[in-house]
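Participant:
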Amino acid sequence: MAEVAENIQNIIKPENLVYQKSPVLTDKVMHYCPGCSHGVVHKIIAEVIDEMGIQEDTIGVSPVGCSVFAYNYIDIDWHEAAHGRAPAVATGVKRVFPNKFVFSYQGDGDLAAIGTAETMHAVNRGENIVMVFINNAIYGMTGGQMAPTTMVGQVTATTPHGRNVDLNGYPLKITELIAQLPGAAYVTRQSVQTPAAVRKTQKAIRKAFEVQANKKGTAFVEVVATCNSGWKISPVESNEWMEEHMFPFYPLGDLKDGEKEDPEALKMNV
Amino acid sequence: MGELRLMKGNEVIAEAAIRCGCDGYFGYPITPQSEVMETLMNRRPWDETGMVVLQAESEVASINMVYGAAGSGKKVMTSSSSPGISLMAEGISYLAGAELPCLIVNVQRGGPGLGTIQPSQADYFQATKGGGHGDYRLIVLAPASVQEMNDFVDLSFELAFKYRNPVMILSDGAIGQMMEKVELADYKPRWTDEEVKEISGSWAAIGKSPDREQNIITSLELESDKMERNNIRFQAKYQKIQENEVRFEAIDCDDADYVIVAFGSAARVCQKTVQLARAKGHKVGLLRPITLFPFPTEEIKKMAGRVNGFLSVEMNAGQMVEDVRLAVNGKVPVEYYGRMGGIIPSPDEVEKALEQKLIGG
Ligand SMILES: Cc1ncc(C[n+]2csc(CCOP(=O)(O)OP(=O)(O)O)c2C)c(N)n1
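Okay, here's the thing in structure tokens:
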């Protein structure tokens, strides 16, 4: 035993370190359920802020939903927003502090239900902000009710017999709608269920912050995510369920990659 | 003497905002206050002082833009009229809960519902008793002239930052739309980012520097004992505001047998009523609360010891009269007279009501 301990001590040396927790992540223990995607995406955002060296200049807007306490985990200044209002709050911050990095972090209930108007209009104005959108197809915090993004047939607390289109309407592909808007510069859909997917999402979020730095318009990153507690299946099964049922309807990849529309091209003839 | 101009009440709000170094205005059009944003857009203050002006997609969005910008330690404001203020109620509660300074202008119109675009004072309860959810108070200033529309903008920001609390200017369609001579204030420069850091950096979300902990703007506290402590702190603040910030005007009250209590447009009308009553030999005075929260309770209490009665005159169904009665505490009669739905009472109908209800004809 002593020998093993000694060996470990020999291995744990600064020169052998290949990975460490980002200093932009706090030491607080996250409250998320094991298997939840929120923690992974927090880690990615913290790493991007660290890589870009923008901790002092970044202001986050946290939502209502499971990630309401995002501010406890990422060590920057934050605004907590009312349910759905994060894009308006982010607009207020960005307009008075145009040179700061401002991002909102929102779930599907927050961004695609109660906050649809704020979401569409912030993007349509081309606000130079980053919006991170966690789509777990359910309301996590309030105990697993139907979200706008809930799949047809999916069982939730408020669709106990499965989502029925006649009764509950269709799942909302809000990211596709966002991509249509002239103010959107970069719109992408990613996931975090494998190391490779995490790396892609990290790249996407980094790019989103760079789009903001270059004042190109709104950068929107959807992360298709799991909610094993809400879905009432294990984390491993959740990943499989997501891949099987969500990816065909919410295909991964970039939906838009450019910059906001040139207003000159849209100007009326006078 | 500052620059003199003939201006509309709503235009003056805009002009005063620019001159007092406001950093941002976020709003949504609604009659009878749309000239506030129209004037700002026309003046292009972003070229002149750097002030941001943005037309939001709704009142819900505009108050939340205010919430974001106020949490950044900046001087920011919005304006609306009654139905719009109802939509802002959620955001106002969050602003109060996060203890953020800001200015909200309500140029009231008649309600309930879509109501009318004519002037009213029917949002008194909503403004002074909370309006949104939770135990909170706004500091509420009630202008009675275009000059006060001007003066209260700067005063509002001063109070908002002093107490880290939202302030409301509770005006109405008559004062918003009327034109009067106004003496404008001299320009104050906007705070630089360095000054914002000095003034508000201890609490505002302006970017975390390595020398301090995170600043988190939030009204959330899941542990109820901590949430109770927050509420106790809020109540202590409101108490302090009550002790230090009461403002009122007393006209002909020293020898009065009867006192009319009225604010804003109704007070303008009642100034004439006092003259009419005095010409008839009745000793009548006017107490005009300038702050509706904090309410001039102590002053009314003092007066209750020496007058024969009070008449609360309001452009609503009798809302402030409840606060007058609380202050008088049964010592002498307190009557109400008012008009609703966008009608401004005339001085002589108030005089008649005063005689009928109190003096005895
Ligand atoms: C105005 C308002 N309505 C409803 C709620 C209750 N509520 C809290 S979280 C939530 C759903 C959040 O779901 P989502 O945005 O998908 O985030 P998740 O919890 O799944 O991460 C709701 C409805 C609230 N806090 N405020």
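Quick note, the sequences are listed as chains A and B, same order. So the first sequence is numbered by my numbering: it starts at 1 and just counts up by one. So the second sequence is numbered by my numbering: it starts at 271 and just counts up by one. For every residue, glycine included, the Cβ atom is placed at its ideal position computed from N, Cα and C. If you're wondering where the values come from, they're calculated on a predicted model, not measured in any experiment.
Beta-carbon separation of Glu329 (chain B) and Leu357 (chain B) under 8 angstroms?
Facilitator: What you label residue 329 (chain B) is simply residue 59 of the second sequence in a count that begins at 1. What you label residue 357 (chain B) is simply residue 87 of the second sequence in a count that begins at 1. Taking 8 angstroms as the Cβ cut-off, Glu329 (chain B) and Leu357 (chain B) qualify as a contacting pair.
Participant: Indicate the three-state DSSP secondary structure (helix, strand or coil) for His161 (chain A) in the structure shown.
Facilitator: Translated into the one-based positions of the first sequence, residue 161 (chain A) becomes position 161. Here His161 (chain A) sits in coil by DSSP.
Participant: If Ile530 (chain B) sits next to Leu581 (chain B), beta carbons under 8 angstroms apart, how far is it from one beta carbon to the other, in whole angstroms?
Facilitator: Taking the first residue of the second sequence as 1, we reach residue 530 (chain B) at position 260. Taking the first residue of the second sequence as 1, we reach residue 581 (chain B) at position 311. That belief holds up - the Cβ atoms of Ile530 (chain B) and Leu581 (chain B) are roughly 5 angstroms apart, short of 8 angstroms.
Participant: Between Val323 (chain B) and Pro315 (chain B), which are expected to be in contact by the criterion C-beta below 8 angstroms, what is the C-beta distance as a whole number of angstroms?
Facilitator: Your numbering for residue 323 (chain B) matches position 53 in the second sequence. Your numbering for residue 315 (chain B) matches position 45 in the second sequence. Contact flag correct, Cβ pair sits at about 6 angstroms.
Participant: Is the beta carbon of Pro459 (chain B) less than 8 angstroms from the beta carbon of Gly291 (chain B)?
Facilitator: Within the second sequence, the letter at position 189 stands for residue 459 (chain B). Within the second sequence, the letter at position 21 stands for residue 291 (chain B). In this structure, Gly291 (chain B) lies closer than 8 angstroms to Pro459 (chain B) by Cβ.
Participant: Mind checking Gln505 (chain B): buried by the 16 CB within 10 Å criterion, or exposed?
Facilitator: Position 235 of the second sequence, counted from the start, is the residue given in the question as residue 505 (chain B). Answer is exposed; the Cβ neighbour count stays below 16.
Participant: Over what stretch of residues does the beta strand (DSSP E) that includes Lys203 (chain A) continue unbroken?
Facilitator: As a first step, residue 203 (chain A) must be located in the first sequence, where it is residue number 203. Careful: Lys203 (chain A) lies outside any beta strand (DSSP E), inside the alpha helix (DSSP H) at 195-213.
Participant: Identify the contact partners of Glu360 (chain B) in chain A, using a Cβ-Cβ distance below 7 angstroms as the criterion.
Facilitator: As a position in the second sequence, residue 360 (chain B) is number 90, starting the count at 1. Simply Ala82.
Participant: In chain A, which residues lie with their C-beta within 9 angstroms of the C-beta of Gly294 (chain B)?
Facilitator: Translated into the one-based positions of the second sequence, residue 294 (chain B) becomes position 24. Within chain A, the residues near Gly294 (chain B) are Gly92, Arg95, Val96.
Participant: Less than 7 angstroms between the CB of His83 (chain A) and some heavy atom of ligand 1, yes or no?
Facilitator: Reading the first sequence from its first residue, position 83 is the one you call residue 83 (chain A). Yes, Cβ of His83 (chain A) sits closer than 7 angstroms to a heavy atom of ligand 1.
Participant: From the DSSP output, read off the bridge partner residues of Lys451 (chain B).
Facilitator: Position 181 of the second sequence, counted from the first residue, corresponds to residue 451 (chain B). DSSP, once it has assigned bridges, lists B:Leu276 as partnering Lys451 (chain B).
Participant: Report the rounded CA-to-CA distance for Tyr186 (chain A) versus Cys66 (chain A), giving the unit in angstroms.
Facilitator: Counting from 1 along the first sequence, the entry for residue 186 (chain A) is found at position 186. Counting from 1 along the first sequence, the entry for residue 66 (chain A) is found at position 66. If you take the alpha carbons of Tyr186 (chain A) and Cys66 (chain A), they lie about 26 angstroms apart.
Participant: With a threshold of 8 angstroms between beta-carbons, can Ser328 (chain B) be considered close to chain A, or not?
Facilitator: Here residue 328 (chain B) refers to the residue found at position 58 when the second sequence is read from its first residue. Chain A contact via Cβ: present.
Participant: Compute the Euclidean distance between the alpha carbons of Glu118 (chain A) and Leu255 (chain A), then round it to the nearest angstrom.
Facilitator: Working through the first sequence from its first residue, we reach residue 118 (chain A) at position 118. Working through the first sequence from its first residue, we reach residue 255 (chain A) at position 255. So the alpha carbons of these two residues sit roughly 21 angstroms apart.
Participant: Does any residue of chain A bring its CB to less than 8 angstroms from the CB of Ile487 (chain B)?
Facilitator: Here residue 487 (chain B) is taken as the residue at index 217 of the second sequence, counted from 1. At least one chain A Cβ lies under 8 angstroms of Ile487 (chain B).
Participant: With distance defined between alpha-carbon atoms, name the residue in B:Asn586, B:Tyr295, B:Thr543, B:Asp405 nearest to Met610 (chain B).
Facilitator: Taking the first residue of the second sequence as 1, we reach residue 610 (chain B) at position 340. Minimum Cα distance to Met610 (chain B) is reached at B:Asn586.
Participant: Give a single yes or no on whether Pro87 (chain A) has its beta carbon closer than 7 angstroms to a heavy atom of ligand 1.
Facilitator: For the purposes of this step, residue 87 (chain A) is taken as residue 87 along the first sequence, with counting starting at 1. No.
Participant: Strictly under 8 angstroms for the Cβ-Cβ distance: is Gly338 (chain B) near chain A by that measure?
Facilitator: For the purposes of this step, residue 338 (chain B) is taken as the residue at position 68 of the second sequence. Interface residue, yes.
Participant: DSSP three-state label for Gly446 (chain B), please.
Facilitator: Taking the second sequence and counting its residues from 1, the one referred to as residue 446 (chain B) is at position 176. In the structure shown, Gly446 (chain B) sits in a helix (DSSP, three-state: H, G or I).
Participant: Short of 6 angstroms in beta carbon distance, which residues of its chain neighbour Ala623 (chain B), apart from the five on each side in sequence? Order them along the chain.
Facilitator: As a position in the second sequence, residue 623 (chain B) is number 353, starting the count at 1. Around Ala623 (chain B): Tyr607.
Participant: With 8 angstroms as the threshold, decide whether the Cβ of Ile409 (chain B) is near any Cβ in chain A.
Facilitator: Start at 1 with the first residue of the second sequence, and residue 409 (chain B) comes out as number 139. By this cut-off, Ile409 (chain B) is not an interface position.
Participant: Taking only the alpha-carbon atoms, compute the straight-line gap between Met590 (chain B) and Lys627 (chain B) and give it to the nearest angstrom.
Facilitator: By 1-based counting over the second sequence, the position of residue 590 (chain B) is 320. By 1-based counting over the second sequence, the position of residue 627 (chain B) is 357. If I take the Cα positions, the gap works out to 17 angstroms.
Participant: If I follow the unbroken beta strand (DSSP E) through His38 (chain A), where does it start and stop?
Facilitator: Position 38 of the first sequence, counted from the first residue, corresponds to residue 38 (chain A). Run containing His38 (chain A): none in the beta strand (DSSP E); it sits in the alpha helix (DSSP H), 38-52.
Participant: Can Gln212 (chain A) and Phe101 (chain A) be called in contact, C-beta distance under 8 angstroms?
Facilitator: As a first step, residue 212 (chain A) is located in the first sequence; it is residue number 212 there, counting from the start. As a first step, residue 101 (chain A) is located in the first sequence; it is residue number 101 there, counting from the start. Going by C-beta atoms, Gln212 (chain A) is nearer than 8 angstroms to Phe101 (chain A).
Participant: Which residue marks the beginning of the alpha helix (DSSP H) containing Val594 (chain B), and which one marks its end?
Facilitator: Position 324 of the second sequence, counted from the start, is the residue given in the question as residue 594 (chain B). Where Val594 (chain B) is concerned, the enclosing alpha helix (DSSP H) stretches over 590-598.
Participant: Is Asp317 (chain B) helix, strand or coil by DSSP?
Facilitator: As a first step, residue 317 (chain B) is located in the second sequence; it is residue number 47 there, counting from the start. If DSSP states are grouped into helix, strand and coil, Asp317 (chain B) belongs with the helices.
Participant: Note down the Cα distance separating Ser332 (chain B) from Ser350 (chain B), rounded to an integer number of angstroms.
Facilitator: As a position in the second sequence, residue 332 (chain B) is number 62, starting the count at 1. As a position in the second sequence, residue 350 (chain B) is number 80, starting the count at 1. Cα to Cα, the separation comes out at about 10 angstroms.
Participant: Output yes if chain B places a C-beta closer than 8 angstroms to the C-beta of Thr58 (chain A); else output no.
Facilitator: For the purposes of this step, residue 58 (chain A) is taken as residue 58 along the first sequence, with counting starting at 1. Yes, its Cβ sits closer than 8 angstroms to a Cβ of chain B.
Participant: Would Ile288 (chain B) pass as an interface residue toward chain A - the criterion being a Cβ-Cβ separation below 8 angstroms?
Facilitator: Taking the first residue of the second sequence as position 1, residue 288 (chain B) is located at position 18. No, because no Cβ of chain A sits closer than 8 angstroms to the Cβ of Ile288 (chain B).
Participant: For a minimum of 3 consecutive residues, which ranges assigned as the beta strand (DSSP E) are wholly contained in the region 282-334 of chain B?
Facilitator: Whole beta strand (DSSP E) segments, 3+ residues: 294-297, 322-325.
Participant: Any Cβ of chain A within less than 8 angstroms of the Cβ of Val322 (chain B)?
Facilitator: If you number the second sequence from 1, residue 322 (chain B) lands on position 52. Judged by the 8 angstroms Cβ criterion, Val322 (chain B) is in contact with chain A.
Participant: Using beta carbons (cut-off 8 angstroms, strictly below), is Asp166 (chain A) in contact with chain B?
Facilitator: Here residue 166 (chain A) refers to the residue found at position 166 when the first sequence is read from its first residue. It does not: the Cβ of Asp166 (chain A) has no partner Cβ on chain B nearer than 8 angstroms.
Participant: In angstroms, rounded to a whole number, what distance separates the CA positions of Thr175 (chain A) and Gly53 (chain A)?
Facilitator: Residue numbering aside, residue 175 (chain A) sits at position 175 when the first sequence is read from its first letter. Residue numbering aside, residue 53 (chain A) sits at position 53 when the first sequence is read from its first letter. Computed Cα separation, rounded: 29 angstroms.
Participant: Where Ile613 (chain B) and Asp166 (chain A) are concerned, what is the direct C-alpha to C-alpha distance, given to the nearest angstrom?
Facilitator: Taking the second sequence and counting its residues from 1, one reaches residue 613 (chain B) at position 343. Taking the first sequence and counting its residues from 1, one reaches residue 166 (chain A) at position 166. One C-alpha to the other measures close to 49 angstroms.
Participant: Note down the Cα distance separating Thr194 (chain A) from Val221 (chain A), rounded to an integer number of angstroms.
Facilitator: Counting from one through the first sequence, the residue named residue 194 (chain A) turns up at place 194. Counting from one through the first sequence, the residue named residue 221 (chain A) turns up at place 221. C-alpha separation (whole angstroms): 17 angstroms.
Participant: How about Gly477 (chain B): is its C-beta nearer than 8 angstroms to some C-beta of chain A?
Facilitator: As a working note, residue 477 (chain B) is residue 207 in the second sequence. Answer yes: the Cβ-Cβ gap between Gly477 (chain B) and chain A drops below 8 angstroms somewhere.
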